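Trainee: Position one of the sequence shown corresponds to residue 1 (my numbering), numbered consecutively onward.
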Amino acid sequence: MSAPITALGSGPGSESGSTSGSVSGSVSVAGSAFASPTPLPGVVALDLTGRTALVTGAASGIGRACALRLAAAGARVRAVDRAAEGLETLAGEAGRLPGSVEPRLLDLTDLDAAEGAAAGADILVNNAGLQLVRPIEDFPPDVFHTVLTVMLEAPFRLIRGALPHMYAQGWGRIVNLSSVHGLRASAFKSAYVAAKHGLEGLSKTAALEGAPHGVTSNCVNPGYVRTPLVERQVADQAAAHGIPPERVLSEVMLKDSALKRLIEPEEVAEAVLYLCTPQASFITGTSLTLDGGWTAH
Numbered sequence: 001m002s003a004p005i006t007a008l009g010s011g012p013g014s015e016s017g018s019t020s021g022s023v024s025g026s027v028s029v030a031g032s033a034f035a036s037p038t039p040l041p042g043v044v045a046l047d048l049t050g051r052t053a054l055v056t057g058a059a060s061g062i063g064r065a066c067a068l069r070l071a072a073a074g075a076r077v078r079a080v081d082r083a084a085e086g087l088e089t090l091a092g093e094a095g096r097l098p099g100s101v102e103p104r105l106l107d108l109t110d111l112d113a114a115e116g117a118a119a120g121a122d123i124l125v126n127n128a129g130l131q132l133v134r135p136i137e138d139f140p141p142d143v144f145h146t147v148l149t150v151m152l153e154a155p156f157r158l159i160r161g162a163l164p165h166m167y168a169q170g171w172g173r174i175v176n177l178s179s180v181h182g183l184r185a186s187a188f189k190s191a192y193v194a195a196k197h198g199l200e201g202l203s204k205t206a207a208l209e210g211a212p213h214g215v216t217s218n219c220v221n222p223g224y225v226r227t228p229l230v231e232r233q234v235a236d237q238a239a240a241h242g243i244p245p246e247r248v249l250s251e252v253m254l255k256d257s258a259l260k261r262l263i264e265p266e267e268v269a270e271a272v273l274y275l276c277t278p279q280a281s282f283i284t285g286t287s288l289t290l291d292g293g294w295t296a297h
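(1) Using three-state DSSP, classify T284 as helix, strand or coil.
(2) Considering P164, what are the terminal residues of the alpha helix (DSSP H) in which it resides?
(3) According to DSSP, which residues form a beta bridge with T216?
(4) Decide yes or no for the touch test of the stretch 195-209 against the stretch 284-291: beta carbon pairs closer than 8 Å, at least 3 of them.
(5) For L208 and I283, I'd like the C-alpha separation in whole angstroms.
(6) What number of angstroms, rounded off, separates the C-alpha of Q131 from the C-alpha of V225?
(7) N218 and L199: beta carbons closer than 9 Å?
(8) By alpha-carbon positions, which one of E231, V180, H181 and A240 ends up nearest to F188?
(9) What's the C-alpha gap between A75 and R157?
(10) According to DSSP, is V268 part of a helix, a strand, or is it coil?
(11) Here's the rule: buried if 16 or more other CB atoms are within 10 angstroms of the residue's CB, otherwise exposed. What is K260?
(12) For my contact list, R78 and R104 are in at a C-beta cut-off of 8 Å; report their separation, rounded to the angstrom.
(13) I need the straight-line Cα distance from L106 to L124, nearest angstrom please.
(14) Can you round the beta-carbon distance between A91 and V101 to whole angstroms, since I take them to be within the 8 Å contact cut?
(15) Hey, quick one: how far does the beta strand (DSSP E) through R247 stretch, first residue to last?
(16) Assuming the contact rule is C-beta atoms closer than 8 Å, G129 and V150 should be a hit. Round their C-beta distance to whole Å, please.
(17) Write down the C-beta distance between D122 and W171 rounded to the nearest angstrom, noting that I regard them as a contact closer than 8 Å.
(18) For D138, count neighbouring Cβ atoms within 10 angstroms of its own Cβ and tell me buried if that reaches 16, exposed if not.
(19) Based on Cα-Cα distance, which residue from R247, A296 and A53 lies nearest to H165?
(20) Tell me whether S190 sits in a helix, a strand or coil according to DSSP, three-state version.
(21) Leaving out five residues on either side along the sequence, give the residues of the same chain with a beta carbon under 8 Å from the beta carbon of E153.
(22) When DSSP labels each residue in this structure, what does A121 get in the three-state scheme?
(23) With DSSP run on the structure shown, which of helix, strand or coil describes V77?
(24) Taking the alpha carbon of E251 as the point to measure from, which residue in E267, E264, V234 and A114 has its own alpha carbon closest?
(25) Per DSSP, what are the beta-bridge partners of E102 in this structure?
(26) In three-state terms, what does DSSP make of L54?
(27) Give me, in chain order, the residues of the same chain whose beta-carbon lies closer than 7 Å to that of T277; leave out the 5 immediate sequence neighbours on both sides.
(28) Quick one: Cα of I174 to Cα of R247, how far?
(29) Would you tell me roughly how many angstroms separate the C-alpha atoms of V180 and Y274, rounded to the nearest one?
(30) Quick one: grab the DSSP three-state call for L132.
(31) For A35, count the other beta carbons within 10 Å of its own beta carbon; 16 or more makes it buried, fewer makes it exposed. Which is it?
(32) Quick one: what's V225 bridged to in DSSP?
This is how it looks when you write it as structure tokens:
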């Protein structure tokens, strides 16, 4: 990944103020001059000093990469997960970064605790997830319920807990880690696909309600990412499709991808960080697809 970009101009999260190289003033539209409320984009400001971010599923994979990238940009990161050892490792890795990482042990099936943990957050990254690959007729109902709880109901409660503070200050960023499976379905993943499709709708609703308050809400939709979650799927996918594990990556996971590789967690984290910048203030209610061309078909 490229090196961090040093922010220029105004402070963290500011939607106004000058940035080196930007042009302010008015924009002529059809012969009429409309005052530009902000300078035109210049250098992307990746400085989040003074901002508090909460990242769920932060002990590994995409969540870990997001927590470290936000801390590298100066944010105070509440790293939420139920894996104590992974959180401890993460905190050690973040020791020399400009921001900080505060480990918070939390099981997101405790919905009241999840909502409370989001209070005071300026940035919310809903990332935690789980996966089980089974035909619908064999899918355990209790697992379906757990997947929907962690991946849809918990994000709702976290957003609910974060919005009062965001609204009060007139600024906030909600980034929901969806998936290409929030846009497309795959066989044998009923719970995961249902949860991600629901998350897409929740994110858009939060965008519409948050717009008057300076709060954006977006989804980031990667294809298969090199994470423990994906690695654990290989055996299940092999059994579900009746093929050897060594053929799963090429014949199942990357079959519809134009780019025949897994995306790295750090690549996803860069997209998440961009959506938290001042220059992304007009991006809301949308889905940023990082799928290697999967949905281009």
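We put the beta carbon where it would ideally sit given N, CA and C, even for glycine.
What you are looking at is a predicted structure, and each value in this text was computed from that prediction instead of being measured.
Mentor: The relevant details are as follows:
(1) T284: coil per DSSP, three-state reduction.
(2) For P164, the uninterrupted alpha helix (DSSP H) segment begins and ends at A154 to Q169.
(3) T216 is bridged by DSSP to R173.
(4) The stretch 195-209 makes contact with the stretch 284-291: 3 or more CB pairs, one atom from each, lie closer than 8 Å.
(5) Rounded to the nearest angstrom, the gap between the Cα atoms of L208 and I283 is 12 Å.
(6) Taking C-alpha positions only, Q131 is separated from V225 by approximately 13 Å.
(7) Pairing N218 with L199 gives a Cβ-Cβ distance that is not under 9 Å.
(8) Scanning E231, V180, H181 and A240 for the CA closest to the CA of F188 turns up A240.
(9) Near 22 Å, if we compare the C-alpha coordinates of R157 and A75.
(10) Residue state, collapsed to three classes: helix.
(11) In the assembly as shown, K260 is an exposed residue. Its beta-carbon has fewer than 16 other beta-carbons within 10 Å.
(12) Sure, about 5 Å apart at Cβ, within 8 Å.
(13) Between the alpha carbons of L106 and L124 lies a gap of roughly 15 Å.
(14) 5 Å between Cβ atoms; contact.
(15) Bounds of any beta strand (DSSP E) do not take in R247, whose DSSP letter is neither H nor E.
(16) Rounded to whole angstroms, the Cβ separation of G129 and V150 is 7 Å, and the two are in contact under 8 Å.
(17) Your pair D122 and W171 checks out as a contact, with CB atoms roughly 7 Å apart and the cut at 8 Å.
(18) For D138, the number of other beta carbons within 10 angstroms of its own is below 16, and it is reported as exposed.
(19) Nearest C-alpha to H165: A53.
(20) It is helical.
(21) For E153, where only same-chain residues beyond five positions count, the Cβ hits under 8 Å are L111.
(22) For A121, the secondary structure class from DSSP, reduced to helix, strand or coil, is coil.
(23) Strand at V77.
(24) Taking only the C-alpha atoms, the option nearest E251 is V234.
(25) Answer by DSSP bridge pairing, in chain order: R78.
(26) Note: L54 maps to strand in three-state DSSP.
(27) Hits under 7 Å: V44, A45 and L46.
(28) Taking the straight line joining both Cα atoms gives about 37 Å.
(29) Straight-line Cα distance between these residues: approximately 19 Å.
(30) Looking at L132 - three-state DSSP - the assignment turns out to be coil, as it is neither helix nor strand.
(31) Any reading at A35 must be qualified, since the residue scores a pLDDT of 48, below 50, and its modelled position is unreliable; the value itself is stated next. A35 should be labelled exposed.
(32) Its beta-bridge partners are I263.
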